[in-house]
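Some notes on the structure that comes next.
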Amino acid sequence: MGELDLILILKMVMIGIVQGFTEPIPVSSSGHVMIASEILGLGEQGFTFAILTNTASLLAIMFIYRKDIARLAVNSIQYIRTREQTYKSDFLFVCYIVIGTIPAGVLGVLLSDFIAESVSMTTIALMLFVTGIALFLIRNMKGKKDESTMTAKDAILVGLGQAVALTPGISRSGATIITAIAVGLKQETALRFSFMLYIPVSLGGVVLGFTDFLDEPDKAALAVPYAAAFIATLIMSYFAMRWFMGIMKHGKLIYFTYYCFLAGTLLLIFF
């Protein structure tokens, strides 16, 4: 392995660390990957790289929520079979996940070309300010709704929040958590619903992009750097998610307000 190959691997690992750390937290992972790629001189990362790192983050989050996923799946099937009220809450929660996924899925397909063309450092900076302001506005909100008391209307509104996050620089987790808290969900419920929404949207992206992944001309030459980035993203996503769950538990989202304002300002100054 040559020196240039080793340098590329190290850079890809760094990009993977950035992707993994920023995916769960409300600061826009796509925006930070763009910034890191620019700083490291890698340019814009291809679709194959995005699919791989997104899959790594998805696997980490699914592992963390594996017990919830299994419970929701089993209890939903049980409710369909028996109609017992014991399982109804979990069945409805799954329905709300499906409902909340629709807006981002539809807009993602319709506006994919526009979204790709609208990416710029200025856009990312401005959207970081928007995210920071929204986080500031909901910093003291303490919702009362949990999985058993949320409604289809709540799911639609949070789903629209996820659709807004298609804008480069808007954090998906931030948009969904902010909207969920704004409609009255408890922070723990908001966090869980946010990342349950992430799973089908992310899986859909992987499925839709699989043919592009197969057609990627450079994937063989970049196999080792991409594998290194995948592993780095997987590990960092897991620990970042665990850390963020602790932040949410203690109601300290205000920290991310400060960060978004700082990062947005630095972007406007230096880029």
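In my numbering, the protein residues as written are 560 to 830. Built from N, CA and C at the ideal position, the CB exists for glycine as well. Small disclaimer: the values here were computed from a predicted structure and weren't measured.
Residue i, DSSP secondary structure in three states
| i | result |
| --- | --- |
| L725 | coil |
| L744 | strand |
| Y817 | helix |
| F830 | coil |
| G733 | helix |
| T612 | helix |
| M709 | coil |
| I568 | helix |
| L825 | helix |
| I584 | coil |
| G718 | helix |
| L666 | helix |
| L756 | helix |
| G764 | helix |
| L601 | coil |
| L617 | helix |
| L781 | coil |
Where the alpha helix (DSSP H) containing residue i begins and where it ends
| i | result |
| --- | --- |
| H591 | 588-598 |
| L696 | 680-696 |
| S635 | 625-641 |
Separation of residue j from residue i, as counted between CA atoms
| i | j | result |
| --- | --- | --- |
| I636 | R751 | 20 Å |
| H591 | G718 | 23 Å |
| K712 | T735 | 14 Å |
| V568 | L825 | At residue 568 the sequence reads Ile, which differs from the Val that was named. The straight-line gap from Cα to Cα measures roughly 27 Å. |
| I813 | M807 | 10 Å |
| G823 | G733 | 15 Å |
| G767 | I729 | Here residue 767 turns out to be Leu, not Gly, going by the sequence shown. Computed Cα separation, rounded: 22 Å. |
| E582 | D705 | 24 Å |
| S589 | G575 | 11 Å |
| S761 | G600 | 27 Å |
| A724 | I566 | 33 Å |
| N613 | F754 | 13 Å |
| M680 | Q644 | 51 Å |
| I623 | R801 | 8 Å |
| V665 | G763 | 11 Å |
| T792 | T816 | 24 Å |
| F695 | T641 | 45 Å |
| I607 | A782 | According to the sequence as given, residue 607 is Thr; it is not Ile. Approximately 11 Å between the Cα atoms of the pair. |
| R630 | L651 | 13 Å |
| I828 | R731 | 25 Å |
| F803 | R625 | 17 Å |
| F820 | M593 | 18 Å |
| V742 | R698 | 13 Å |
| V689 | A739 | 17 Å |
| V633 | M621 | 16 Å |
| I598 | S648 | 47 Å |
| I737 | G602 | 31 Å |
| G662 | I715 | Looking at the sequence provided, one finds Pro at residue 662 rather than Gly. Distance between the alpha carbons of P662 and I715: 8 Å. |
Strand pairing of residue i, partner residues [DSSP]
| i | result |
| --- | --- |
| K811 | For K811, which the question treats as bridged, DSSP gives no partner whatsoever. |
| K701 | According to DSSP, which records beta bridges pairwise, K701 is partnered with nothing at all. |
Residue i and residue j closer than 8 Å at C-beta
| i | j | result |
| --- | --- | --- |
| A722 | I584 | no |
| A609 | M573 | no |
| P784 | M571 | yes |
| V577 | Y818 | no |
| Y638 | Y646 | yes |
| S616 | G659 | no |
| L744 | M709 | yes |
| P727 | I683 | yes |
| L618 | A788 | no |
| G810 | Q746 | yes |
Contact test: residue i Cβ vs the ligand ADP heavy atom, cutoff 7 Å
| i | result |
| --- | --- |
| L687 | With respect to the ligand ADP, the structure shown offers nothing to examine, as it has no ligands at all. |
Min CB distance residue i to chain D below 8 Å
| i | result |
| --- | --- |
| A684 | Looking for chain D here will not work: only one protein chain is present. |
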